[in-house]
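What follows is a single structure, written as structure tokens, with notes after it.
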Amino acid sequence: MEAEKIISIDTKHYKENISRRNLAEKIFNVILLISVLFGLLMLTVLIIDIAVGGIAWVRPELFENYHSRKPENAGMKSAIAGSIIVILLTGLFSFPVGVGAAIYLEEYAPKNRLTDFINLNINNLAGVPSIVYGMLGLVVFGRMFGLFSKDSWFVNLFNIPIESGATGGWKFFLFDIPWLEIHLPFGRSMVAGALTMSLLILPIVIIASREAIRAVPPSIREGGYALGTTKWHVIGTLVLPIAFPGILTGMILSLSRAIGETAPLIIMGAFTYVPFLPKTVWDQFTVIPIQIYNWITLPQPEYRVHLAAAGILVLLVILFLMNGIAIYLRKKFEIKW
Amino acid sequence: MNLTSNIQSYSINFHDDATIINANQLNIYYSGKLTVENFNLQVPKNKITALIGPSGCGKSSVIRSFNRMNDIIPGFSLEGKIIYKGKNIYSSREDPVRIRRQIGMVFQKPNPFPKSIYENVAFGARVNKYQGNLDELVESSLIQAALWDEVKDKLKESAYALSGGQQQRLCIARAIAVSPDILLMDEPASALDPVATLKIEELMWELKDKYTIVVVTHNMQQASRVSDYTAFMSLDREKIEDRIGVLVEFDETTKLFTNPKLKETEDYITGRFG
Amino acid sequence: MLKNLSKSSFISFYNPQRVRNLRERIIAITLFGCGVFSILVTIGIIISLFSEAIGFFLRPEVNLITFLTGTNWRPLASQVSPENFGVRPLIRGTLMIAVISGSIALPLGLGSAIYLSEYASDRLRSILKPSLELLAGIPTVVYGYFALSFVTPILKVVLEDQLGIRVSFFNAFSAAVVVGIMIIPIVASISEDAMRAVPRSLREGAYALGATKFEVSTKVVVPAALSGIISAFIIGISRAIGETMAVTIAAGATPRMTLNPLDGIQTMTAFIVQVSFGDAPSGSINGQSIFAVGATLFMMTFVMNIISASILKRFREVYE
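Line order of the protein sequences matches chains Y, V and W.
Count along the first sequence from 1, then add 1154; that gives the number in the numbering used here.
Count along the second sequence from 1, then add 4; that gives the number in the numbering used here.
Count along the third sequence from 1, then add 132; that gives the number in the numbering used here.
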């Protein structure tokens, strides 16, 4: 070792400045606290602002009436019905595919480039703006690329009888039961809206279900295989029942995202004024957020301020209920391994 | 020697001038649970003191309380005093930041920052407002840590490019650079291969002229090779279920390993423990 | 549980091997189909956006060059000509929202993340984090309402009444403020995850050298988590670019090459909503123009998401 190069390090060279650094520490702490509290403050202000504007307008008419030219009579009955049906259908459509994809990725997928690509793709889909899903839904479900419009090559080629009904396309009646009919294209129906919403929440459903399945410890699976059962048997009878509450929680949270979505359904052509309750899933519809948007755009303050706020209150209550149920389920079935 | 407990223990005593840290009746708790009980130790100046004992006996808890590193663990609390330079480091007037500058620490696994080699060594100097020449400080610290020759041409490269042993010596250089009085080493070689371990041990031997070293190790050979004094900790046998660490015997290393005063120590160093 | 299990495996034991294998195969293939379905969705997005967008650009009234460089966006003007189809005002509007909301959300989100990861106790964190995430769960139409009913009136009082600066009722700034609030939790959550992934040993190393918590946070944790934080920033900005309802409601509907945030503007997303409400028939120039704008929007967010994913991937490789 080159001893002569050792420079003696003297403690005196350290200014330390402890008191100044502690002051910086305190200031920093306050700045950080302010940035956290800013978000929470805005949340509080937002809720108060809406409650003040709308609480008096949450009254029976809001739930019993359709939109009206007189603000005091206006309600959003059809929007509430539309939201509920669209959400139920969305759950119905996205659950099997989302959970299936999650099971595939967690239990079956080999570690290869295709799997990597699927993962990357799911993450990317989660970041696609919701309005883009609306455009996808419009082309694929709403119009079906125009295949069933009056003079398309497809219709001409197969000589398909085209109706000029609500959706203007092809209509099958299955066993003459009205709700077992299929309209092609899906048009502005609730089916089209729900399918679009299903695609929109699919990435979230997959990610949440994967987490729930991953939380099941491998020892459970090994225990199952040790009894000489097949893979699906182990997954179906051991893994999924344990993961189910987690999957359900993720599902509810995903649907709570869908219930507040407005833009994709507007692009799909959902109506703002629907003065009837839907009879079948092929009917035209509106949903709560679209009704709220419609009210916000009207000039009279009764709509713009009060009815809109009242609608928002209903929407927020539904959201909090859904989140509450999800949290309750998670707590109730939480298993510590 | 022992005041409150019926545990048999043995400690040698030093004149106060010869010691640098005095731990006085320490009780260490994590989340209210007693982990180390009634721990007394006088650490002699400019010597290497080893802390040995079975795993879970609180060696790390003790060494981490010597520079208040435990403060950052939620739920930690401590009773008793640790006297350093005549002051209790746990008194409310003492700032843990200053204590840690004066009492440095090297950890089990090398933990260089994801920065260049140079910036790793300069880190402590920068935050503590070093007034001298930073380049010289980095060089002299790396020389003392016996790493200079290996890294002098790549000071700007990432510290992660170094081998595990080199990274650990970099961490030692980083600790030396803030000119501490004491170096606490918590199993500094446990993650290293035998050759790198020997280099670290050699380095400790060279550093003890300037620094007091306290080293925790589970490796008795290492303790007997490098240390001047050895403290043997174990679990309190009266309350073995509670897993409370206590000091059993503290003596010169040669005496402790060749002629232990207590049977418990003898059992442990001859491998008859448990 | 065990009883159930032995019973059902007893049944499957009596199933002929071949049936069982066939069933396993069908299930595996179905699940594989579900897994691959997400790729189909992406392909569907690309096909539906670009087939219509290409139809738009093939029209004689428009061309790609003036679309990308033109500074007039007047798709409803009586004279349909390439000069009236320049998308830059919409991009300018979108970017203005992104820049302003980003300059609100990035510092506040990062600050919140540092606080949650480094300062808050576990208990406090378990309260603060879900509360902050509530902000991300509020529907965007609600933020639009909030911008008009709260932010704009405040701007009017503070800027117009006190300082005499003209504030349009529909203006970019109010919309950007609420979009900023909306993306705070996204930035905070991803940044915090990145910071918590920084090993504790690095923090201890810095503390042991006599660093304060501030110094540990800013000089060790933040630099070590930097790629994750940058990725959070990109995701946040990409969210702001794709945000639709709040800007449709609050920012106005006038495509304008302005730099004044107190003017009304129109974003790409707001234009798409505006045309969709007008019920432009499919195949018409307006019906197709939304797909050209939508494709532009998709490309922008897609590139940002890819960049952020690759940064995040590299970050994970360092620490996992």
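C-beta: ideal position from N, C-alpha, C; glycine also.
On a predicted model such as this, the values are computed, not experimentally measured, just so you know.
Residues in its own chain within less than 7 Å of residue i by CB, not counting five upstream and five downstream?
i, result
"residue 161 of chain V", "120 and 121"
"residue 1519 of chain Y", "Coverage of chain Y is limited to positions 1155 through 1491, which leaves residue 1519 of chain Y absent and any answer about it impossible."
"residue 1479 of chain Y", "1406"
"residue 1235 of chain Y", "1431 and 1432"
"residue 1156 of chain Y", "Residue confidence is low: residue 1156 of chain Y scores 41 on pLDDT, short of 50, so the model does not pin down where it sits. Its coordinate-derived value is still stated next. The answer is none, since no qualifying residue turns up."
"residue 252 of chain W", "260"
Tell me, to the nearest whole angstrom, how far the beta carbon of residue i is from that of residue j; I am working on the premise that it is less than 8 Å.
i, j, result
"residue 248 of chain W", "residue 261 of chain W", "6 Å"
"residue 220 of chain V", "residue 55 of chain V", "5 Å"
"residue 396 of chain W", "residue 300 of chain W", "5 Å"
"residue 249 of chain V", "residue 65 of chain V", "7 Å"
"residue 1193 of chain Y", "residue 316 of chain W", "5 Å"
"residue 447 of chain W", "residue 360 of chain W", "5 Å"
"residue 278 of chain W", "residue 311 of chain W", "Incorrect: roughly 11 Å between the Cβ atoms, too far for contact."
"residue 1392 of chain Y", "residue 1375 of chain Y", "7 Å"
"residue 1296 of chain Y", "residue 1423 of chain Y", "6 Å"
"residue 1185 of chain Y", "residue 243 of chain W", "6 Å"
"residue 1396 of chain Y", "residue 1370 of chain Y", "5 Å"
"residue 239 of chain V", "residue 58 of chain V", "7 Å"
"residue 218 of chain W", "residue 198 of chain W", "6 Å"
By Cβ distance, which residues of its chain are closer than 8 Å to residue i, with the 5 residues on each side in sequence left out?
i, result
"residue 203 of chain V", "150, 169 and 173"
"residue 213 of chain W", "193"
"residue 1289 of chain Y", "1421"
"residue 343 of chain W", "351 and 352"
"residue 257 of chain V", "54, 227, 228, 231, 232, 233 and 234"
In the DSSP output, what is residue i paired with across the bridge?
i, result
"residue 1383 of chain Y", "Paired residues: none, contrary to the question."
"residue 217 of chain W", "W:205"
"residue 92 of chain V", "V:87"
"residue 108 of chain V", "V:187"
"residue 237 of chain V", "V:251"
"residue 48 of chain V", "V:23"
"residue 81 of chain V", "V:33"
"residue 1427 of chain Y", "Answer is none; residue 1427 of chain Y lacks a bridge partner."
"residue 53 of chain V", "V:218 and V:233"
"residue 162 of chain V", "V:120"
"residue 1438 of chain Y", "Y:1343"
Listing by chain order, which chain V residues have their CB less than 7 Å from the CB of residue i?
i, result
"residue 1171 of chain Y", "133"
Looking only at its chain, what residues have a beta carbon closer than 6 Å to the beta carbon of residue i, apart from the 5 residues adjacent to it on each side?
i, result
"residue 108 of chain V", "179, 184 and 187"
"residue 207 of chain V", "150"
"residue 87 of chain V", "26"
"residue 429 of chain W", "400"
"residue 1357 of chain Y", "1276, 1279 and 1280"
"residue 382 of chain W", "276, 279, 280, 306 and 307"
Please list, in chain order, the chain Y residues whose beta carbon lies closer than 7 Å to that of residue i.
i, result
"residue 437 of chain W", "1278 and 1281"
"residue 136 of chain V", "1167"
"residue 180 of chain W", "1289, 1290, 1293 and 1294"
Determine the chain V residues that contact residue i at a beta-carbon separation under 8 Å, and present them in chain order.
i, result
"residue 253 of chain W", "78"
Could you name the residues of chain W that residue i contacts, counting a contact when the two beta carbons are closer than 7 Å?
i, result
"residue 128 of chain V", "341 and 342"
"residue 1459 of chain Y", "281"
Name the chain Y residues that come within less than 8 Å of residue i, Cβ to Cβ?
i, result
"residue 287 of chain W", "Those do not exist, as residue 287 of chain W stays about 15 Å from chain Y at its closest Cβ, beyond 8 Å."
List, in order along the chain, the chain C residues whose C-beta lies closer than 7 Å to that of residue i?
i, result
"residue 71 of chain V", "This model lacks chain C altogether, as its protein chains are Y, V and W."
So which residues of chain W does residue i contact, with C-beta pairs closer than 9 Å?
i, result
"residue 1463 of chain Y", "277 and 281"
I want to check one thing, is the minimum distance from the CB of residue i to the heavy atoms of the ligand COA below 6 Å?
i, result
"residue 289 of chain W", "Judged by which ligands are present, the structure shown has none, so any question about the ligand COA falls away."
Kindly list, in the order they appear in chain Y, the residues whose Cβ is closer than 9 Å to that of residue i.
i, result
"residue 272 of chain W", "1284, 1414, 1415, 1416, 1417 and 1443"
"residue 308 of chain W", "The contacting residues do not exist; residue 308 of chain W stays about 14 Å from chain Y at best."
Check each residue of the segment 310 to 344 of chain W: if its Cβ is closer than 8 Å to any Cβ of chain V, include it; give the result in chain order.
-> 331, 333, 334, 335, 336, 337, 338, 339, 340, 341, 342, 343 and 344
Closer than 8 Å, Cβ to any Cβ of chain W: which residues of the segment 1380 to 1397 of chain Y, in chain order?
-> 1381, 1382, 1383, 1384, 1385, 1386, 1387, 1391 and 1392
With 9 Å as the C-beta to C-beta threshold (strictly closer), list the residues of the segment 90 to 124 of chain V near chain Y in chain order.
-> 99, 101, 102, 105 and 106
Residues in the segment 348 to 376 of chain W having any Cβ partner in chain V nearer than 8 Å | 351, 352, 355 and 356
Between the segment 1191 to 1211 of chain Y and chain W, which residues of the former have CB atoms less than 8 Å from a CB of the latter, in chain order?
-> 1192, 1193, 1194, 1196, 1197, 1199, 1200, 1203, 1204 and 1207
If you measure beta-carbon to beta-carbon, which residues of the segment 179 to 209 of chain V are closer than 8 Å to chain Y?
-> 180, 181, 182 and 183
Just by C-beta distance, which residues in the segment 1250 to 1279 of chain Y are closer than 7 Å to chain W?
-> 1251, 1254, 1255, 1257, 1258, 1259, 1262, 1263, 1272, 1274, 1275, 1276, 1277, 1278 and 1279
Which of the residues in the segment 163 to 177 of chain V, read from start to end, lie with their CB under 9 Å from any CB of chain W?
-> 164 and 175
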